[in-house]
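Some notes on the structure that comes next.
Chains as they are written, first to last, in this note's numbering: chain A, 1 to 361; chain B, 1001 to 1316.
What follows is the structure in structure tokens.
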């Protein structure tokens, strides 16, 4: 069995190496590129969202490389996403590919996850499966922390490119740490590497909060690398949605990190009282939180035709005018023009800069 | 003579201005880009040199071709069009609260309060109402673009044209012509449709407070201006330099930074034989289009690659 899982940010780096050590023939698809997108667009329904199209393109690429099994999360899902695995399997069958598709029917269920891991690997006891699953979760958290470190360091760096080098090195170090003890050592090493990056300690860069649908937020290819574009303009990116938080809300592995979804519900209360699918409640709640924390502004990203985030974006408009707080909404699909995106990002950064000079907040 | 140069290379037109330290416009030009931004830029620079031979203290670049200007001529400030237009508007009308800007291929709305930009929007889906579309329609009706506005003002009963999409607007116009409506009413109807399209695409949920400035090439069209005034019930001000406001803004930004030494490469550039070519890099599946500008035998600028391996290969 040669198994693939479509990309979502750094997730595949968290499990690939670990599962390989337990007898799973993992074969991650290539990182999403224009080719992935073209393949996905050609074979998807037009009104499917960008994540669906990128997933599908990724699956085709992996199948072309000789993969025979696909694992796709699914189940009752936070939005249409719950059905994606089913529809994608039908499309791929129609294209003549032969493969097996495994779906996790209930992505919130720990026992489901453990069962899936036992099924695909040579792990025998339930205890071992738990150990491996939690190792993967903690690795994911380490990758997320690495990205956060990057966003904090990049706008303060003195020698251009040093942070990017540290980040690439960090990725490698964490990827190679496939046990609990080596992971701890790896993390201390990553911290040392970042401490060595020369930074301007007095710099007070603009801070922009990034919120929105989780796939387009964490997959740089889906959002045309919005976060790094901002970082290169000297902005400190404060991302509000993390895959490790999403996982922690379900599987509790970070003992000191409160449930983000529940917290967001509290913050969002005056504007939205119950989750309306996707990350909508977090987009609303965390915008208010960012405002209170003095973050200069918020960029809200979503895929075109995303219902839950469209609801959030309409509410954000209200919040923005009630609190006099800058919010920029960006919608992504295969038609987004790069020049247009760049212009809007630059204009938003200028707006925040001039506002700060006038003592805006 | 000395001053700050503002360059706005748009999709359809290229604008150059020279301002002095007091922000007065000393010289300006407005010409068609005609898909050859490099040649047009060279022409404009050599005209400026022949007219005034000024000493350039700083250069500001804006417009969709701002990167090109920076690579070729050397700019001290490279800013997006939204900021450039806002800066120019605020300088000339300190009380301004809204700026409508319609150019060759895109349109923008900038909301300003107390001299600071607080919100903006830019068309992302449809180009109805931009200069290119109007020019195309004028051509189809056998008119010059400059005539459209005054013809629209002579209308008695503007025809209602579907303006949601440029293609449908055109077919609806043809239909109305064939039904026998006169030219004035159709042109006026077109202006109204474009204004409705602009407002529903860009102004949704935004409050357009007066004073409202109307900038960009399309502001020359009095029919569109009148349609805005009717639709909003507010007065629309068209600044004297409406079509070069972006370039003025870029020049003002250069003036604001007052670089100790400008990166301007000099007017001699206008005499060089600059040729741009492009190729697709096949080293990864992103297949970035890389653009290369050479001066005679040597490559002087290169950009467009995501990973930076072609642009950085040149050194700096």
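The beta-carbon is built from N, C-alpha and C at its ideal position, and this holds for glycine as well.
Worksheet item: Going along the chain, which residues of its own chain have a beta-carbon closer than 8 Å to the beta-carbon of residue 337 (chain A), five neighbours each way excluded?
Response: So the list is empty, once near-sequence residues are dropped.
Worksheet entry | Residue(s) in a DSSP beta bridge with residue 1119 (chain B) | Beta-bridge analysis with DSSP links residue 1119 (chain B) to B:1111.
Discussion item. For a minimum of 3 consecutive residues, which ranges assigned as the beta strand (DSSP E) are wholly contained in the stretch 260 to 312 of chain A?
Written reply: DSSP runs (the beta strand (DSSP E)) wholly in the stretch 260 to 312 of chain A: 297 to 303.
Practice prompt. Could you tell me if residue 1001 (chain B) is buried or exposed, where buried requires 16 or more neighbouring beta carbons within 10 angstroms of its beta carbon?
Written response: Note on residue 1001 (chain B): under 16 other CB atoms within 10 angstroms of its CB, so exposed under the neighbour-count rule.
Fill in: Counted within 10 angstroms of its Cβ, other Cβ atoms place residue 322 (chain A) as buried (16 or more) or exposed
Exposed, because fewer than 16 other Cβ atoms sit within 10 Å of the Cβ of residue 322 (chain A).
Discussion item. If you reduce the DSSP assignment to three classes, tell me which class residue 102 (chain A) lands in.
Written reply: Collapsing the DSSP output to three states places residue 102 (chain A) in a strand.
Discussion item. Given this structure, state the Cα-to-Cα distance separating residue 54 (chain A) from residue 335 (chain A), to the nearest angstrom.
Written reply: Rounded to the nearest whole angstrom, the C-alpha separation of residue 54 (chain A) and residue 335 (chain A) is 14 Å.
Worksheet item: Which chain A residues sit within Cβ distance under 8 Å of residue 1256 (chain B)?
Response: Simply none; closest approach about 11 Å.
Worksheet item: Would you say residue 355 (chain A) faces chain B, with C-beta separation under 8 Å as the test?
Response: Cβ-Cβ to chain B under 8 Å: yes for residue 355 (chain A).
Item to complete: Closer than 6 Å by C-beta to residue 1119 (chain B): which residues in its own chain qualify, once you throw out the five before and the five after it? Chain order, please.
Response: Scanning its chain for C-beta atoms nearer than 6 Å, with the 5 sequence neighbours on each side dropped, one finds around residue 1119 (chain B) the residues 1111, in chain order.
Practice prompt. May I ask which residues mark the beginning and end of the alpha helix (DSSP H) holding residue 1173 (chain B)?
Written response: Start and end: 1166 to 1179.
Worksheet item: Which first and last residues belong to the beta strand (DSSP E) in which residue 1008 (chain B) is found?
Response: Unbroken beta strand (DSSP E) run through residue 1008 (chain B): 1002 to 1009.
Discussion item. Using a 10 Å radius around the Cβ and a threshold of 16 neighbouring Cβ atoms, would you call residue 1099 (chain B) buried or exposed?
Written reply: Residue 1099 (chain B) comes out buried.
Worksheet item: Can you name the start and end residues of the alpha helix (DSSP H) that residue 1256 (chain B) belongs to?
Response: Where residue 1256 (chain B) is concerned, the enclosing alpha helix (DSSP H) stretches over 1245 to 1257.
Discussion item. Are the CB atoms of residue 1007 (chain B) and residue 1069 (chain B) within a distance shorter than 8 Å?
Written reply: Yes, the pair counts as a contact, with Cβ atoms nearer than the cut-off.
Worksheet item: Considering residue 1026 (chain B), what are the terminal residues of the alpha helix (DSSP H) in which it resides?
Response: From DSSP, residue 1026 (chain B) is part of no alpha helix (DSSP H) but of the beta strand (DSSP E) over 1025 to 1032.
Worksheet entry | Contacts around residue 268 (chain A), its chain only, beta-carbon distance under 6 Å, and the 5 residues preceding and following it disregarded | So the qualifying residues of the chain are 281, 284 and 285.
Item to complete: Measuring only between beta-carbons, confirm whether residue 1045 (chain B) sits less than 8 Å from chain A.
Response: No - not a single Cβ of chain A is within 8 Å of the one on residue 1045 (chain B).
Worksheet item: Can you tell which of B:1298, B:1262 and B:1247 has the C-alpha that lies nearest to the C-alpha of residue 1025 (chain B)?
Response: Selected option, being the one with the closest Cα: B:1247.
Worksheet item: Leaving out the 5 sequence neighbours to the left and right, which residues in its chain are closer than 6 Å to residue 209 (chain A) when beta-carbon positions are compared?
Response: The answer, listed in chain order, is 238, 240, 290, 295 and 298.
Item to complete: Report yes or no: do three or more beta-carbon pairs, one from the stretch 243 to 253 of chain A and one from the stretch 341 to 356 of chain A, lie closer than 8 Å?
Response: No, the stretch 243 to 253 of chain A does not touch the stretch 341 to 356 of chain A.
Fill in: Pick from B:1265, B:1239 and B:1264 that is closest to residue 1091 (chain B), judged by C-alpha positions
Nearest Cα to residue 1091 (chain B) within the set B:1265, B:1239 and B:1264: B:1239.
Discussion item. For residue 1245 (chain B), would you say it is in contact with chain A, using Cβ-to-Cβ distances shorter than 8 Å as the test?
Written reply: Residue contact check for residue 1245 (chain B) against chain A: no CB pair falls below 8 Å.
Worksheet item: Quick one, are the C-beta atoms of residue 161 (chain A) and residue 205 (chain A) less than 8 Å apart?
Response: Using a Cβ distance threshold of 8 Å, residue 161 (chain A) and residue 205 (chain A) do not count as a contacting pair.
Worksheet item: What in chain A is Cβ-close to residue 1122 (chain B), meaning under 9 Å?
Response: For residue 1122 (chain B), the neighbours in chain A by C-beta distance under 9 Å run, in chain order, 340, 343, 344 and 347.
Worksheet entry | Coarse secondary structure for residue 361 (chain A), derived from DSSP in three states | Note that residue 361 (chain A) has pLDDT 45, beneath the 50 cutoff, so the model's placement of it is unreliable and no number is given.
Worksheet item: Under the three-state reduction of DSSP, which class applies to residue 9 (chain A): helix, strand or coil?
Response: Here residue 9 (chain A) sits in coil by DSSP.
Worksheet item: Ordered along the chain, which non-local residues of its own chain (more than five positions away) have a Cβ less than 6 Å from that of residue 1264 (chain B)?
Response: Its chain contains 1056, 1059 and 1074 as the residues whose beta carbon lies nearer than 6 Å to that of residue 1264 (chain B), once the 5 sequence neighbours on both sides are disregarded; these appear in chain order.
Worksheet item: Does the count of Cβ pairs from the stretch 2 to 15 of chain A and the stretch 55 to 67 of chain A closer than 8 Å reach three?
Response: Output reads yes: the stretch 55 to 67 of chain A touches the stretch 2 to 15 of chain A.
Worksheet item: Beta-carbon of residue 1101 (chain B) versus every beta-carbon of chain A: anything under 8 Å?
Response: Judged by the 8 Å Cβ criterion, residue 1101 (chain B) is not in contact with chain A.
Fill in: When B:1009, B:1217, B:1269 and B:1284 are compared against residue 1133 (chain B), the one with the closest alpha-carbon
Comparing Cα positions, the closest option is B:1217.
Item to complete: Please go through the same chain and pick out, in chain order, the residues whose beta-carbon is closer than 6 Å to the beta-carbon of residue 40 (chain A), but skip the five residues on each side of it.
Response: Cβ within range, chain order: 53, 54, 56 and 57.
Worksheet item: Nearest chain A C-beta to residue 1014 (chain B) closer than 8 Å, yes or no?
Response: The C-beta of residue 1014 (chain B) comes no closer than 8 Å to any C-beta of chain A.
Discussion item. Taking the alpha-carbon of residue 146 (chain A) as reference, which of A:318, A:133, A:127 and A:183 has the nearest alpha-carbon?
Written reply: Scanning A:318, A:133, A:127 and A:183 for the CA closest to the CA of residue 146 (chain A) turns up A:183.
Discussion item. Please tell me whether residue 1005 (chain B) and residue 1251 (chain B) are closer than 8 Å, where the distance is taken between their beta carbons.
Written reply: The answer is yes: Cβ separation under 8 Å.
Discussion item. Here's the rule: buried if 16 or more other CB atoms are within 10 angstroms of the residue's CB, otherwise exposed. What is residue 1050 (chain B)?
Written reply: By the neighbour-count rule (16 or more Cβ atoms within 10 Å), residue 1050 (chain B) is not buried but exposed.
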